[in-house]
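Heads up, the sequence shown stops at 131 in UniProt numbering, and the numbers go up one at a time, no gaps. A short write-up of the structure that comes next.
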Amino acid sequence: MFDFIQYPLQIHYLLGILRRIYGPKTNNEGEYKIRTNQEIQDLYGEPNINGILKSSRLSWARHVWRSEGPIGQVTKWKPNTKRPRGRPRQRWKDRVVKDLRELGIEDGEELARDRDRWSQVVVAAMGLNGL
1 MFDFIQYPLQ
11 IHYLLGILRR
21 IYGPKTNNEG
31 EYKIRTNQEI
41 QDLYGEPNIN
51 GILKSSRLSW
61 ARHVWRSEGP
71 IGQVTKWKPN
81 TKRPRGRPRQ
91 RWKDRVVKDL
101 RELGIEDGEE
111 LARDRDRWSQ
121 VVVAAMGLNG
131 L
């Protein structure tokens, strides 16, 4: 399914919990084997863990982008200070924008004001696969 190294920490953590819940499997010689990600996904029955995370992130993004309170102000705030050296840290908003680009949407903040169209975006995000 995916390489172990490519998993974000959240997904790796979820799969670890599900591995403990379902336990190890045994082969014909009675040796224990760790379940693969695909086997866990088949047992769990959910469509796609990545899709669920992206969908919930986009669902929350609508609330944040429409908010006029502290949450909306903090998200839209841009500090005037210098950034530290090196690669910039990935922000929540950057990840949401990346998810929207995968769906072919450029201006998510404007689209978030339309409830019906945004709910279609959230449902479409359930079908996104990959990281």
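We treat Cβ as the ideally placed atom computed from N, Cα and C, and that holds for glycine.
Residues that DSSP places opposite T36 in a beta bridge: The count along the sequence shown starts at 1 and reaches residue 36 at position 36. T36 pairs with nothing; no bridge assigned.
8 Å contact criterion, which A61 and A125 should meet: CB distance rounded: By one-based count along the sequence shown, residue 61 stands at place 61. By one-based count along the sequence shown, residue 125 stands at place 125. Actually they are not in contact, since the Cβ atoms of A61 and A125 sit about 10 Å apart, beyond 8 Å.
For T81, three-class secondary structure by DSSP: Sequence index remark: in the sequence shown, residue 81 carries index 81 (1-based). Looking at T81 - three-state DSSP - the assignment turns out to be coil, as it is neither helix nor strand.
Cβ pair count under 8 Å reaching 3, the stretch 50 to 60 against the stretch 98 to 108: yes
Exposed unless 16 or more other CB atoms sit within 10 angstroms - verdict on N50: By one-based count along the sequence shown, residue 50 stands at place 50. Label assigned to N50: buried.
Option in V121, R85, I21 and R115 with minimal Cα separation from G104: The sequence position of residue 104 within the sequence shown is 104, counting from 1. Residue V121 is the option with its Cα nearest to G104.
CA nearest to the CA of R91, picked from V123, Y22, T75 and D114: Position 91 of the sequence shown, counting from 1, holds the residue named residue 91. Residue T75 is the option with its Cα nearest to R91.
Neighbour-count burial assignment, L43, 16 or more Cβ in a 10 Å radius: Here residue 43 refers to the residue found at position 43 when the sequence shown is read from its first residue. Exposed, by the Cβ-count rule.
Spatially closest choice to L128 from Y13, W65 and N48, by CA coordinates: Start at 1 with the first residue of the sequence shown, and residue 128 comes out as number 128. Nearest of Y13, W65 and N48 to L128, Cα basis: N48.
P70: first and last residue of the uninterrupted alpha helix (DSSP H) it sits in: Here the question's residue 70 lines up with position 70 in the sequence shown. Looking at the DSSP string, the run of the alpha helix (DSSP H) that includes P70 is P70 to K76.
Pairwise C-alpha distance: R83 and E109: The residue labelled residue 109 in the question sits at position 109 within the sequence shown. The residue labelled residue 83 in the question sits at position 83 within the sequence shown. Looking at the two C-alpha atoms, the distance is approximately 25 Å.
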